[in-house]
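Notes to accompany the following structure.
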Amino acid sequence: MKKEEKLEDKTEETKPEGPKSHKLFYLVVLIFLLSLGWFSWAVWEKVIPHEKLHYHAGFIVVKDNQIVDFSKPEFMSFTSCAVAGAKEEETPEQLQIEKAHLHDEIGDVIHVEEAGAKWGDLFTNLNYPINYNEVAAYINGKKVKSIQNMPIKRYQSAIIFMGNNQDTQKFLSQAVTKEHIEETAAKSKDCGSH
Ligand SMILES: [Zn+2]
Ligand SMILES: [Zn+2]
């Protein structure tokens, strides 16, 4: 038995493992890794549906003691969702619109589909100029300064007062609720599934 073991050891030692077989081995590993990389990329690109950034928040604007109606067609976005998934073709204008826009003729739930959205982007995109020095702005019931520079966060609820308002407390209690945001997002037909 001992002799046989020794013989086996010897044959392994004397196996010709020249630099050629090493090269072949590395080549095979390289090809394998490249294939794996390509395969992962293909699965990521073609098979897994791209999780596009998409979340919602609520807002109302009160001007001279009345809620501004943003549900009119001129405030709606009809284009941005159609280009979803075709990122490389999006123009800077489209990317700006995607930061914050409205759908489905619902004027108090914002769709955010691009990173870096600030509250100012919403009113820029709605083409609704606001003099931010003359407004009182609230997010989730708390008064905030320079709301235009604050990021829009998921399920936030903003109220902006401008002009002469007597019923501030009443309007604050009418802030868009998370339930309304969720309900609206679930029903949205312009954006498909949420
Ligand atoms: Zn959209
Ligand atoms: Zn949406």
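Our numbering numbers the first residue of the sequence shown as 8 and each following residue consecutively. Using N, Cα and C, we set each Cβ at its ideal position, and we do this for glycine too. Owing to the predicted nature of the structure, the values given are computational and were not obtained by experimental measurement.
Evaluate Thr191 with the Cβ neighbour count: other Cβ atoms within 10 Å of its Cβ, from every protein chain shown; 16 or more gives buried, anything less gives exposed. buried
Can you tell me where the alpha helix (DSSP H) holding Ala49 begins and where it ends? 26-49
Taking the beta strand (DSSP E) that Lys185 belongs to, which residues open and close that run? It is not in any beta strand (DSSP E) - Lys185 instead sits in the alpha helix (DSSP H) that spans 185-194.
For Lys79 and Lys196, the rounded distance between their alpha carbons: 17 Å
Residue(s) in a DSSP beta bridge with Gly65: Under DSSP, the beta-bridge partners assigned to Gly65 are Val116, Ser164.
From what residue to what residue does the beta strand (DSSP E) around Ile104 run? It is not in any beta strand (DSSP E) - Ile104 instead sits in the alpha helix (DSSP H) that spans 99-106.
Figure out for me which residue from Ala49, Tyr62, Glu121, Ser28 has the closest Cα to the Cα of Gln2. With the chain running from 8 to 201 in the structure shown, residue 2 is simply not present.
Could you please give me the residues that DSSP links to Met83 through a beta bridge? Met83 is bridged to Leu109.
My output table needs one value for Tyr135: the three-state DSSP class, helix, strand or coil. coil
Any idea which residues DSSP pairs Val151 with across the strands? In DSSP, Val151 forms a bridge with Ala144.
Cβ pair Val116, Val183 closer than 8 Å: Yes; because the gap between Cβ atoms is below 8 Å, this pair is in contact.
Give every residue of the same chain whose Cβ lies closer than 7 Å to the Cβ of Lys125, excluding the five residues on either side of it in the sequence, and list them in chain order. Gln155, Asn156, Met157, Pro158, Ile159
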